[in-house]
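Right, one structure below, let's go through it.
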Amino acid sequence: MKKMTDKRKKEILKLINDLHFEFGTKNPIRLCNGLGIDVVSANIEMKGLYTEVFSSKLIIIQNLLDDFAKLFVVGHELFHALEHDCEQVRFFREYTGFKTNIYEEEANFFATQLLKDFIPFHQDEIADFEIAEELGKYLGE
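Heads up, the sequence shown is in the UniProt record's numbering, so the first residue is 1 and it goes up one at a time.
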């Protein structure tokens with residue numbers, strides 16, 4: 001699997017700083033609102049997904065997620081909305097067999113760095129194991 005370069009990490013951190021400067025927040029739900037991306041909760045199997053319906057951008061998140069998990073998933077999907085071609089990500093996921101790929105790695109890095117200030121004081125308080133694991137990968141960066 002292709003790994004994210006230091007250059008790409010710096011580009012993602014710059015994107016976070018630019019968004020924070022423009023919108024005055026790092027809250028991914030507020031960022032989506034400012035960017036005209038609708039966020040809705042639904043009874044879906046996956047934690048979240050980003051899609052475009054006609055010309056509208058839409059993030060759908062699982063309605064059973066706890067508050068922090070919702071922020072993480074919205075942050076993750078927001079990165080897909082801003083940086084990745086929706087069809088290209090879907091194709092890669094469906095036809096390569098890789099569950100995790102460079103697109104997912106970048107989105108997880110973005111969500112982790114975006115939410116540094118929102119992370120519960122004790123990381124073991126994060127109910128979703130997969131999200132806690134992703135945070136652990138990138139918090140030292």
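From the three backbone atoms N, C-alpha and C, an ideal C-beta is built for every residue, glycine too.
Burial check for T5: the Cβ neighbour count within 10 Å stays below 16, so the residue is exposed.
If you draw a straight line from the Cα of K3 to the Cα of I102, it comes to about 6 Å. Taking K57 as the centre and dropping the five residues before and after it, the same chain places the C-beta of I37, A81 closer than 6 Å to its C-beta, in chain order. With respect to the 8 Å criterion, L65 and K47 are classified as neighbours on the basis of their beta carbons.
Only residues of its own chain outside the window of five on either side were considered, and among them G48, L49, Y50, I59 have a CB closer than 7 Å to the CB of E77, listed in chain order. The Cβ atoms of V39 and I29 sit closer than 8 Å to each other. Taking C-beta atoms as the reference points, L15 and F23 fail to come closer than 8 Å. Counting only the Cα atoms, K9 lies some 20 Å from N27. The DSSP-derived three-state label of K3 is coil. Here F79 is not near A42, since their CB atoms are 8 Å or more apart.
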